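**Q** Numbering (this note's numbering), first residue to last: 49 to 195. Yeah, the Cβ is synthetic: ideal placement off N, Cα and C, and Gly gets one too. These figures come from a predicted structure and were not determined experimentally.
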């Protein structure tokens, strides 16, 4: 197990403990599956990668992980929620969402565009008096498979 993986599991355990929850084997498996992918996954995709997880416990454990700040739910354009590790654990990124099939892909905008976006967000926040903690940008369109 790499140091990054060990650190990820340590942070997940700490966040769960702060919420009064245990880092069970099922939760550890879910974190491992999400750490090994490059995009948010549906529950069906998660279960295909970890067939020993029961559907009901997968739903329940994802809810607990989400409440503890380990997992983030990504809502696309279809009826399936997708899950990924919290951005603080994996790094800041945004999403490309297909409006036809609902597929969600991670996208990194690069430092120059991210800095310009930060400036625009700060400007909008100042004008509205809103205090921004973070930002999320979802780009909606059509993926290559659906074109």
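Would you please state the rounded distance, in angstroms, between the beta carbons of residue 89 and residue 131? I believe it to be under 8 Å.
**A** 6 Å
**Q** Considering only their Cβ atoms, is the gap separating residue 141 from residue 156 smaller than 9 Å?
**A** yes
**Q** Skipping 5 residues on each side, what residues in its chain have a beta carbon closer than 7 Å to that of residue 128?
**A** 90 and 150
**Q** For a test of the three-state rule: what should DSSP assign to residue 186, helix, strand or coil?
**A** strand
**Q** Under a three-way DSSP split, which group does residue 99 fall into?
**A** coil
**Q** Between the stretch 100-109 and the stretch 163-177, do three or more beta carbon pairs fall short of 8 Å?
**A** No, the stretch 100-109 does not touch the stretch 163-177.
**Q** If you follow the beta strand (DSSP E) that residue 133 is part of, which residue opens it and which one closes it?
**A** 129-133
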